[in-house]
Amino acid sequence: MNPFILVLLISSLSLGTTLTFASSHWLLAWVGLEINTLAIIPLMAHHHHPRAVEATTKYFLIQATAAATILFASTTNAWLLGEWNILQLSHPLTTTATMLALSLKIGLAPFHYWLPEVLQGLDLTTGLILSTWQKLGPFALIFQVAPTTNSALLVFMGLLSALVGGWGGLNQTQLRKILAYSSIAHLGWMILIIQFAPSLALLSLMIYLIMTSATFLSFKKNNTTSINMLALTWTKSPALTTLTALVLLSLGGLPPLTGFMPKWLVLQELAKQGLPLTATLMALSALLSLYFYLRLCYALALTLAPTTFNATSPWRLSFTHSTFPLSLTILGALALLPLTPAIAALLSP
1 MNPFILVLLI SSLSLGTTLT FASSHWLLAW VGLEINTLAI IPLMAHHHHP RAVEATTKYF
61 LIQATAAATI LFASTTNAWL LGEWNILQLS HPLTTTATML ALSLKIGLAP FHYWLPEVLQ
121 GLDLTTGLIL STWQKLGPFA LIFQVAPTTN SALLVFMGLL SALVGGWGGL NQTQLRKILA
181 YSSIAHLGWM ILIIQFAPSL ALLSLMIYLI MTSATFLSFK KNNTTSINML ALTWTKSPAL
241 TTLTALVLLS LGGLPPLTGF MPKWLVLQEL AKQGLPLTAT LMALSALLSL YFYLRLCYAL
301 ALTLAPTTFN ATSPWRLSFT HSTFPLSLTI LGALALLPLT PAIAALLSP
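Residue 1 is where the sequence shown starts when you use full-length UniProt numbering, and the numbers rise one by one after that.
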């Protein structure tokens, strides 16, 4: 891709998210989301592969549907209450419609069906942008809409997303689909806790972004897209393979890694709110997710490459790209748990 076009598209992505962050008017927020969608579409389709074009088409249709629903809900709110302000969304019909549309945008269950298929059709770099940066704009609106949304709806979507994310990833062999289901499960944890402790949901989102970035960058550096290819990484780069396995365990929420922190704090908050059954179901769903992370770790560290493997296996890593973002995200994904007392003290009212 032409570097000038690439800079223009990345700038448009940043502009769209910034507009959504800064807006208090529904129309401006909608414009920001649309700029975001239109900027990533050329990045998704620039390989001209049939899978990439199919994924781009699906993504465009889903995002257009969600954006139209948001516009409809905000217009209905203005018609009923005379308010375009985002924080003044108080009618049950409009709050529910807006929350469902934003859930469709980020891929929350039961609107998750498009995410694994779209992510599978993209390369790892665009998949990283879709799994991290593209969540920020809708989440900024979810944080503002959640206080007036039906509590039972948020609990239902959070529980269902955690269970679907854990259950759906069990039978997958493609890493991008596994990461898509991982994303669905993590988003479920955030949506569930957002009504009780918004600051805790924000912390979960930040740690999710760090861990997911580390995972995508590790897979990109090792040039792996399936579980079979993971078996080839040990001979290419033992140190990076070891760190990748630890990052996957962190995604699963095992102590003493960073991923344990948000799960621990969320379960503690649910217990405080008098929801022990919900906390138990969330912990069980985390076990489902942990199984397929352990499966990936097994393929990484405990299997040897088959002698009759047909895929091309580069035996030497290319060092043409900077490894600083990879190093920084891996450090964040592995070493932030000791800061939990300080973070908990900052989050407490």
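Every residue gets a Cβ at the ideal spot worked out from N, C-alpha and C, and that includes glycine. Keep in mind the model is a prediction, meaning the values are calculated, not measured.
Nearest candidate by alpha-carbon position, reference residue i, set the options
| i | options | result |
| --- | --- | --- |
| P238 | L251, K221 and P325 | K221 |
| N36 | M44, L43 and G16 | G16 |
| A231 | W189, I330 and C297 | C297 |
| L179 | L136, P198, L124 and Q134 | L124 |
| G62 | H112, P147, A201 and L87 | A quick correction: the sequence has Ile, not Gly, at residue 62. That would be H112, whose Cα lies nearest to the Cα of I62. |
| A68 | L100, G82 and S161 | L100 |
| I207 | P262, S182, L248 and A197 | P262 |
| L87 | L115, L130 and S24 | S24 |
| L328 | Q120, W264, I210 and T258 | I210 |
| L270 | M44, L122 and W189 | W189 |
| L240 | S183, A301 and S90 | A301 |
| L136 | T323, L13 and N150 | L13 |
| T224 | A109, L104, A22 and Q120 | Q120 |
| T258 | T57, V164, S204 and L108 | S204 |
| M44 | I10, A299 and P255 | I10 |
| K58 | P116, T148, S182 and I70 | P116 |
| F21 | G253, Q134, S322 and A283 | Q134 |
| S151 | R176, L27, I193 and I330 | I193 |
| A55 | L33, E83 and V118 | V118 |
| S250 | L336, A140 and S285 | L336 |
| F143 | A197, N2 and L331 | A197 |
| T75 | Y181, W30, L108 and L267 | W30 |
| W167 | L175, S182 and F72 | S182 |
Those residues which DSSP pairs with residue i across a bridge
| i | result |
| --- | --- |
| H47 | According to DSSP, which records beta bridges pairwise, H47 is partnered with nothing at all. |
| H112 | The partner list for H112 (beta bridge, DSSP) is empty, contrary to what the question assumes. |
| H25 | N85 |
| Q174 | S226 |
Residue environment, residue i, which counts as buried when at least 16 other CB atoms sit within 10 Å
| i | result |
| --- | --- |
| residue 350 | Missing from the structure shown is residue 350; the chain here goes from 1 to 349 and no further. |
| H49 | exposed |
| P338 | exposed |
| W79 | exposed |
| S218 | buried |
| K272 | exposed |
| V7 | exposed |
| A245 | buried |
| F292 | buried |
| T95 | buried |
| A64 | exposed |
| A201 | buried |
| P138 | buried |
| R51 | exposed |
| N77 | buried |
| T242 | exposed |
| L248 | buried |
| S348 | exposed |
| L102 | buried |
| T323 | exposed |
| T308 | Bear in mind that a pLDDT of 49 at T308, under 50, signals an unreliable position, so the number given afterwards is only what the model happens to contain. Result: exposed. |
| L334 | buried |
| T233 | buried |
| S285 | buried |
| A342 | exposed |
| L93 | exposed |
Supposed close pair residue i, residue j - CB separation, criterion 8 Å
| i | j | result |
| --- | --- | --- |
| G289 | A185 | As written in the sequence, residue 289 is Ser, which differs from the Gly given in the question. Confirmed, about 5 Å. |
| F260 | G127 | Not confirmed; about 25 Å, so no contact. |
| I191 | L154 | 6 Å |
| S161 | T212 | Not really, about 15 Å apart at Cβ, beyond 8 Å. |
| L265 | A344 | 6 Å |
| L122 | L281 | That belief does not hold up - the Cβ atoms of L122 and L281 are roughly 32 Å apart, past 8 Å. |
| T173 | S90 | At roughly 47 Å, the Cβ-Cβ gap does not stay under 8 Å, so T173 and S90 are not in contact. |
beta-carbon residue i near the ligand PLP non-hydrogen atom, thresh 6 Å
| i | result |
| --- | --- |
| I194 | This structure simply doesn't include the ligand PLP, nor any ligand for that matter. |
Inset, instruction - Starting from the N-terminal side, write out each stretch of the alpha helix (DSSP H) that is 4 residues or longer and does not extend beyond the stretch 118-179. - result: 124-131, 133-145 and 151-168
Inset, instruction - Would you list, in sequence order, the uninterrupted alpha helix (DSSP H) runs of no fewer than 4 residues that lie entirely inside the stretch 239-266? - result: none
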